[in-house]
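The opening residue of the sequence shown carries number 388 in this note's numbering; numbering runs sequentially from there.
Below is one structure; the comments refer to it alone.
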Amino acid sequence: MDIKKISALKNFSAEGPAKTAASKGIHARATVWCLKVGQEIHPHDHDGDHIWYIESGEGWYLNDKGEYKVEAGEIIFAPEGEPHGIRAATDLVFISVSAGPNP
Numbered sequence: 388m389d390i391k392k393i394s395a396l397k398n399f400s401a402e403g404p405a406k407t408a409a410s411k412g413i414h415a416r417a418t419v420w421c422l423k424v425g426q427e428i429h430p431h432d433h434d435g436d437h438i439w440y441i442e443s444g445e446g447w448y449l450n451d452k453g454e455y456k457v458e459a460g461e462i463i464f465a466p467e468g469e470p471h472g473i474r475a476a477t478d479l480v481f482i483s484v485s486a487g488p489n490p
C-alpha cells in the first residue's frame, strides 16, 4: 500500500510540464503532472492504457481526432495506442494512471 497527498507532489516548472512519480507497481504507475498556462504535452502514444484525472485547472485534451475542453473533476480514458496529449488553459494538475509493464 502507498498513500500520498497530491498537494505534496505538485511541482510546477517554468521550463515545461513537470511530472512527479507518485507510485509504481509491476502493472501500473501513477504520476502527478503540473502544467503552467500554455504548456503542452504533445500528443504521443505508447503501450498501455492511460487514465487521466484532472485534479485542478482547465485545458484541452489532444488526440488524433481533435481537441476537447477538459476541467477539474473530469476523467479521461486513452486506450493503448491512442495518441494523447494536453495543453493547459490555466495552471493545470492531472493524475496519470498508466497500465502496462514498468521499465
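We put the CB at the ideal spot given by N, CA and C, even for glycine.
*Name the two residues that bound the continuous alpha helix (DSSP H) containing A358.*
Since the first residue shown for the chain is 388 and the last is 490, residue 358 is missing from the structure and cannot be characterised.
*asked:* Once DSSP output is grouped into helix, strand and coil, what is the label at F464?
replied: Here residue 464 refers to the residue found at position 77 of the sequence shown. Reduced to three states, the DSSP call for F464 is strand.
_Tell me which residue opens and which closes the beta strand (DSSP E) that F481 is part of._
Along the sequence shown, read from residue 1 onward, the residue named residue 481 stands at position 94. 479-486 is the span of the beta strand (DSSP E), which, as asked, contains F481.
*Nearest-angstrom Cα distance between E445 and F399?*
Along the sequence shown, one-based indexing puts residue 445 at 58. Along the sequence shown, one-based indexing puts residue 399 at 12. Distance between the alpha carbons of E445 and F399 is about 15 Å.
*Do the CB positions of I497 and V419 come within less than 8 Å of each other?*
The chain is shown only over 388 to 490; residue 497 falls outside these bounds and no answer can be derived.
*asked:* In whole angstroms, give me the CA-to-CA distance for I450 and Q426.
replied: By 1-based counting over the sequence shown, the position of residue 450 is 63. By 1-based counting over the sequence shown, the position of residue 426 is 39. Checking the sequence shown, residue 450 turns out to be Asn, not Ile. Those two C-alpha atoms are separated by around 16 Å.
*For the candidate residues I482, E458, E467, S483, whose alpha-carbon lies nearest to that of R476?*
Taking the first residue of the sequence shown as position 1, residue 476 is located at position 89. In the sequence as displayed, the identity of residue 476 is Ala instead of Arg. The residue with the shortest Cα to Cα distance from A476 is E458.
*asked:* Report the CB separation of H437 from H414 in whole angstroms; it is logged as a contact under 8 Å.
replied: Start at 1 with the first residue of the sequence shown, and residue 437 comes out as number 50. Start at 1 with the first residue of the sequence shown, and residue 414 comes out as number 27. Not quite, the Cβ-Cβ distance comes to about 13 Å (not below 8 Å), so this is no contact.
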